[in-house]
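> Residue numbers for the sequence shown follow this note's numbering, beginning at 24 and rising by one.
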Amino acid sequence: VGPYVLVTPNETRRNQLQQIAKKELDDLERWRKEHRPGPIKLVPQRLGGKESEAQARQNQQMMLMQSKYQQKHKREEYIKAKKAAEEAEILKKKAIQREKAERLEVKKRQQEMQRREMFSEDQYYKTNELLNRLDLGLPKSDSCQIANRGPESTAWMRSHTYKQALQEDENRRLEEMKQEQRRKAELMAFKQKQEEEARTRAHQNEQRSYFQSLFIFCCILRVNDAFLDRLQNKRRPNSTYQPGYS
């Protein structure tokens, strides 16, 4: 254990604090005695309502059923709001997916256009190179020019066939994209239909359980009323009825 310093308390300061605390407690007790409430004086009056016991029970039952219907109405409003929020979220997701698909399609078209431009430039150079070779390798007679028109027509046919192949490839890819979007839309619609059916079944089960609980409550209430009526009939010959008291 290390060294420590013990400080003795100031006895005078302690006595002063105790005197002040005692004086405050005495003042508080004196104030409580001075401000103690006096006796309550009320005018005697008859208690109880103006309606009968049966009417009071009927009103109580009506209020309880109204509260049940109000809770049911609130629950239905909550379900409708939740369903609207879910539909809005689904529409938002659909819009986002549609926008992504449109951006992807635009990007693919741009890439295809760039590829076509590069191919057309390369094809132009290759065609010029082939024509230059043909011009340099053949004589300038009319018969040779007429006889050697075949390679030019063959190059044109190849270019035309390649363009048709590119067009068919593009059409095929566009058709595949459309089919993919159609499958996604059908899948989302199927999922939405399943969710709607699940919500409908849950709502029907909730309504069924609510009506069952309400029926059980009404049966219990009828049994209690019958028991109270029998008890009242048994006690009526031995007690006097005083109007205005319940």
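Using N, Cα and C, we set each Cβ at its ideal position, and we do this for glycine too.
Just so you know, these numbers come straight off a predicted model, no measurement behind them.
(1) Which of helix, strand or coil does DSSP assign to L63?
(2) Do you know offhand how far Q68's Cα is from Y92's?
(3) How is the alpha helix (DSSP H) around N38 delimited, first residue to last?
(4) With DSSP run on the structure shown, which of helix, strand or coil describes S143?
(5) Is the beta carbon of Q204 sitting closer than 8 Å to the one on A124?
(6) Among K64, W54, K106, which residue has its Cα nearest to the Cα of E219?
(7) Measure the C-alpha to C-alpha separation of K216 and L127 and round it to an integer number of angstroms.
(8) Leaving out the 5 sequence neighbours to the left and right, which residues in its chain are closer than 8 Å to R139 when beta-carbon positions are compared?
(9) Using the C-alpha atoms, what's the distance from I43 back to N33?
(10) Quick check on S75: does DSSP put it in helix, strand or coil?
(11) For L244 versus Q84, is the C-beta distance shorter than 8 Å?
(12) Where does Q255 fall in DSSP's three states?
Taking the definition as stated:
(1) The amino acid occupying residue 63 in the given sequence is Ile; Leu does not appear at that position. Of the three classes helix, strand and coil, the one that applies to I63 here is coil, per DSSP.
(2) 38 Å
(3) 34 to 57
(4) helix
(5) yes
(6) K106
(7) 28 Å
(8) L189
(9) 16 Å
(10) coil
(11) yes
(12) helix
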